[in-house]
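Q: Input: one structure, supplied below.
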Amino acid sequence: MANGNQTEVYLSEQVIVLFSCALSFLGSSLIILTYIIWSDLRTTPRRLLVYLSVADWLSAVSYAFGVWRVFRSDSVDCVVQGAISTFANTSSFFWTVAIAVYLYIFIVRSSQRVADSLVLSFHFVSWGVPLAITIAAVCLNKIGYDAIHAPDRVLWMLLTGKIWEFLAYLTLPPHLSHAALSEYRPILANRPPSHSFSSMADMKLTLIPIIFIALRIWSTVRFILLLAGSPARQNPVLVTLHGIGNTLQGAANCTMFVLFTRPIRTRLCTALCCCCAKCRAEVRRSHEAPHSLLPGQDASNQREEDSSSRVRTDR
1 MANGNQTEVY
11 LSEQVIVLFS
21 CALSFLGSSL
31 IILTYIIWSD
41 LRTTPRRLLV
51 YLSVADWLSA
61 VSYAFGVWRV
71 FRSDSVDCVV
81 QGAISTFANT
91 SSFFWTVAIA
101 VYLYIFIVRS
111 SQRVADSLVL
121 SFHFVSWGVP
131 LAITIAAVCL
141 NKIGYDAIHA
151 PDRVLWMLLT
161 GKIWEFLAYL
171 TLPPHLSHAA
181 LSEYRPILAN
191 RPPSHSFSSM
201 ADMKLTLIPI
211 IFIALRIWST
221 VRFILLLAGS
231 PARQNPVLVT
241 LHGIGNTLQG
251 AANCTMFVLF
261 TRPIRTRLCT
271 ALCCCCAKCR
281 AEVRRSHEAP
291 HSLLPGQDAS
301 NQREEDSSSR
311 VRTDR
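Counting in the UniProt record's numbering, the sequence shown runs from 1 upward without gaps.
Okay, here's the thing in structure tokens:
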């Protein structure tokens, strides 16, 4: 099944992970589109969710390309895929923590001004740090097929993802527990009724840390097994769970914050019904339209021919 550090990916695993990537691609795209279309969703917490969705979108696309190609040697597209995947995954870690920090300050500390002032820093850290790490790894040839067999591969696995994953595990639960204990009272008490929908939708973002931990834990388990030298890390089920967990966050976020949010779901259904109704109307009009005229034939001649044809038919 596997040789050394290389994991053999079976066709069934490829299909499952590619399906997971497709769901995450669609889910992340839907989160971004709903934010663009409906202005009342453009709150700061939702904007942070959009940034996370951009990272998840890139992660899903790059991971799908890697699973589809199954690289067997170093190449330019292998390095590019690895670089985009490294950047997107690391950025996703940072944006997940950024959302938790923002909501902690916003909800528990009841300080929207301080929370909003951190957004620029979130951009600098969540885009800048992953970009710097990725550029350094590419320049030092630490990304690609050959890097799998490098003696310092574990160190670079830590630097390009795992260490940030561990830090996220340590950072997220305390913020999650404080947010749960607050019961959202400070923020909801200060919001007018007209903003109640946006407020409640934003509160659901506290579920992001739970989604993150539930999905990423399989990757962490495989890394620990790698450090322990255990062959169990090559188990097909574990490999599949790793692949799904690394790519499904966009779909999971979309399920929670779009499909399971009733007002947004209602708007989507209404929009889809309107589109379907317009399509049916266009098809009906096209069927009811008069026959197209031949070159040099005017409408009066066409009507006379149609009348003559009906007379002949009656006879």
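Glycine included, each C-beta is placed from N, C-alpha and C at the ideal position.
With a CB to CB cut of under 6 Å and the five nearest residues on each side skipped, what residues in its chain are close to Gly27?
A: Taken in chain order, the residues that qualify are Gly250, Ala251, Cys254.
Q: State the start and end residues of the unbroken alpha helix (DSSP H) segment that holds Gly82.
A: Taken as a continuous stretch (DSSP letters only), the alpha helix (DSSP H) holding Gly82 covers 76 to 103.
Q: Comparing the CB of Gly245 with every heavy atom of the ligand ATP, is any distance shorter than 7 Å?
A: Within the structure as shown, the ligand ATP is missing, as the structure has no ligands at all.
Q: Taking only the alpha-carbon atoms, compute the straight-line gap between Leu18 and Leu238 and give it to the nearest angstrom.
A: Between Leu18 and Leu238, the C-alpha separation is close to 16 Å.
Q: For the alpha helix (DSSP H) that Ala251 lies in, which residues bound it at each end?
A: Where Ala251 is concerned, the enclosing alpha helix (DSSP H) stretches over 249 to 254.
Q: Looking at C-beta atoms only, is the number of pairs between the region 101 to 115 and the region 44 to 51 that lie closer than 8 Å three or more?
A: With a cut-off of 8 Å, the region 44 to 51 and the region 101 to 115 count as touching, because enough Cβ pairs lie within range.
Q: Return helix, strand or coil for Lys142, following the three-state DSSP convention.
A: Of the three classes helix, strand and coil, the one that applies to Lys142 here is coil, per DSSP.
Q: Among Cys276, Ile133, Val97, Gly229, which residue has its Cα nearest to the Cα of Leu118?
A: Measuring from the Cα of Leu118, the nearest candidate turns out to be Val97.
Q: In or out: His242 buried (at least 16 other Cβ within 10 Å) or exposed?
A: Burial call: buried.
Q: With distances taken Cα to Cα, identify the nearest neighbour of Pro263 among Ile210, His149, Asp56, Asp40.
A: Nearest of Ile210, His149, Asp56, Asp40 to Pro263, Cα basis: Asp40.
Q: Consult DSSP for Asn246 and reduce its assignment to one of helix, strand or coil.
A: DSSP places Asn246 in helix when its eight states are reduced to three.
Q: Please determine, among Phe93, Ala228, Asp77, the residue with the shortest C-alpha to C-alpha distance to Ala168.
A: Of the candidates Phe93, Ala228, Asp77, the one whose C-alpha sits nearest the C-alpha of Ala168 is Phe93.
Q: In chain order, what residues of the same chain have a beta carbon less than 8 Å from the beta carbon of Val125, not counting five sequence neighbours either side?
A: Result list for Val125: Phe94, Ala98, in chain order.
Q: Is it buried or exposed, Tyr51, if we count other Cβ atoms within 10 angstroms and call 16 or more buried?
A: Flag for Tyr51 reads buried.
Q: Using a threshold of 8 Å, state whether the C-beta atoms of Cys86 and Ile16 are closer than that.
A: It is worth fixing the name first, because residue 86 is Thr in this sequence and not Cys. No, these two residues do not count as a Cβ contact at 8 Å.
Q: Under a three-way DSSP split, which group does Val54 fall into?
A: Reduced to three states, the DSSP call for Val54 is helix.
Q: Going along the chain, which residues of its own chain have a beta-carbon closer than 6 Å to the beta-carbon of Ser20, five neighbours each way excluded?
A: Ile244, Thr247, Leu248.
Q: Return the residue from the list Gln14, Leu49, Ala147, Ala22 that minimises the CA-CA distance to Leu207.
A: Considering only alpha carbons, the answer is Leu49.
Q: Which of the three DSSP states, helix, strand or coil, is assigned to Gly27?
A: DSSP places Gly27 in helix when its eight states are reduced to three.
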